[in-house]
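Chemist: All you need for our numbering is the position in the sequence shown, starting with 1, plus 1. Just so it is clear, CB atoms sit at the ideal spot from N, CA and C, and this is done for glycine as well. Submitted below is the structure of interest, expressed as C-alpha cells.
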Amino acid sequence: MNKNNIETIKQFLSTDKNKTLLINEVSEDIGCFYEVLLEEISSDYKVKINKLSSASLARTSNDLFQDKIILLYHLTSSKQIEEISKGEHQKIIITDYKNFKKYQNKFLVINGYQYEKDIIYFLKNINNISDENLINYCVSLPYSIFSEVTKYRVNKSGYTTDTNNK
Numbered sequence: 002m003n004k005n006n007i008e009t010i011k012q013f014l015s016t017d018k019n020k021t022l023l024i025n026e027v028s029e030d031i032g033c034f035y036e037v038l039l040e041e042i043s044s045d046y047k048v049k050i051n052k053l054s055s056a057s058l059a060r061t062s063n064d065l066f067q068d069k070i071i072l073l074y075h076l077t078s079s080k081q082i083e084e085i086s087k088g089e090h091q092k093i094i095i096t097d098y099k100n101f102k103k104y105q106n107k108f109l110v111i112n113g114y115q116y117e118k119d120i121i122y123f124l125k126n127i128n129n130i131s132d133e134n135l136i137n138y139c140v141s142l143p144y145s146i147f148s149e150v151t152k153y154r155v156n157k158s159g160y161t162t163d164t165n166n167k
C-alpha cells in the first residue's frame, strides 16, 4: 500500500534511511505549501530545515540542541541535482516536473500534483479540522493554509474565509 505524501515526509524526517527527498513543485503556490508543510512537520521531529540559496554543497552537523539538520534546495538543473544528491547529508530538493520524472525512481519523491489530497489529509487527520469552507479555500489557495489554520484555531465559531462577510 502506498503512503500518502505527508506520511512519506514524516518517514523521511524520522530516519536517516533516505538521503534525498525530491518534491515536484508544480507552481510557486504549491511549492510554497510544501515548503511550509516541511517546516511545520519537521518541528515535531526536532529537525531543522536549512534553506540554501545556491546549489553548493554545504557542510551539515547537528546543532547544540541536538536538532537534526536537513538542507532544502530549489533546483531545476539536472547537473546540480546530480551533484547535490551525491552528498551524504539528508537533503530535500524542490524541482520542476521534468527533473521529477527523470529522478522519480532514484529518490524518495513527493508528487506536487497530489497537493489537494495532502491539504485535505493535513487539515482533517493532523489538525482535526473538518470545516468544508476552510478545506475548499485552502485547496484553492494552497500557500495560505497555515495562516488560515491559525485564524481557524483562534476563532472556530466565527471563522470565515472572506473577511468582507463580517
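If you draw a straight line from the alpha carbon of Asn100 to that of Tyr138, how long is it in whole angstroms?
Modeler: Near 30 Å, if we compare the C-alpha coordinates of Tyr138 and Asn100.
Chemist: So, with DSSP's three-state summary, where would you put Val48?
Modeler: Strand at Val48.
Chemist: Classify Lys92 as buried or exposed, calling it buried when 16 or more other Cβ atoms lie within 10 Å of its own Cβ.
Modeler: The residue is buried, with at least 16 neighbouring Cβ atoms inside 10 Å.
Chemist: Would the region 13-23 count as touching the region 115-126 if we require 3 or more Cβ pairs under 8 Å?
Modeler: No, they do not touch.
Chemist: Could you name the residues of the same chain whose beta carbon sits closer than 6 Å to that of Phe147, not counting the 5 residues immediately before and after it, in chain order?
Modeler: These residues qualify, in order along the chain: Val37.
Chemist: If you follow the alpha helix (DSSP H) that Tyr153 is part of, which residue opens it and which one closes it?
Modeler: Counting along the chain, the alpha helix (DSSP H) containing Tyr153 begins and ends at 146-155.
Chemist: Need the endpoints of the beta strand (DSSP E) that Ile127 sits in, please.
Modeler: Premise fails: Ile127 is in no beta strand (DSSP E) and is neither H nor E.
Chemist: Let me know the secondary structure DSSP gives Leu38 once reduced to three states.
Modeler: Residue state, collapsed to three classes: helix.
Chemist: Are the region 39-49 and the region 68-84 in contact at 8 Å, needing three or more beta carbon pairs?
Modeler: Flag = yes, the region 39-49 and the region 68-84 touch.
Chemist: Does DSSP put Leu135 in a helix, in a strand, or in coil?
Modeler: Helix at Leu135.
Chemist: Would you report the Cα separation of Tyr104 and Gly159, rounded to the nearest angstrom?
Modeler: For Tyr104 and Gly159, the distance between alpha carbons rounds to 46 Å.
Chemist: Output yes or no for whether 8 Å exceeds the beta carbon distance between Asp97 and Glu29.
Modeler: Against a cut-off of 8 Å, the Cβ pair of Glu29 and Asp97 comes out as no contact.
Chemist: Assign Lys102 to one of three DSSP states: helix, strand, or coil.
Modeler: DSSP places Lys102 in helix when its eight states are reduced to three.
Chemist: Taking the beta strand (DSSP E) that Lys69 belongs to, which residues open and close that run?
Modeler: Note, Lys69: beta strand (DSSP E), 69-75.
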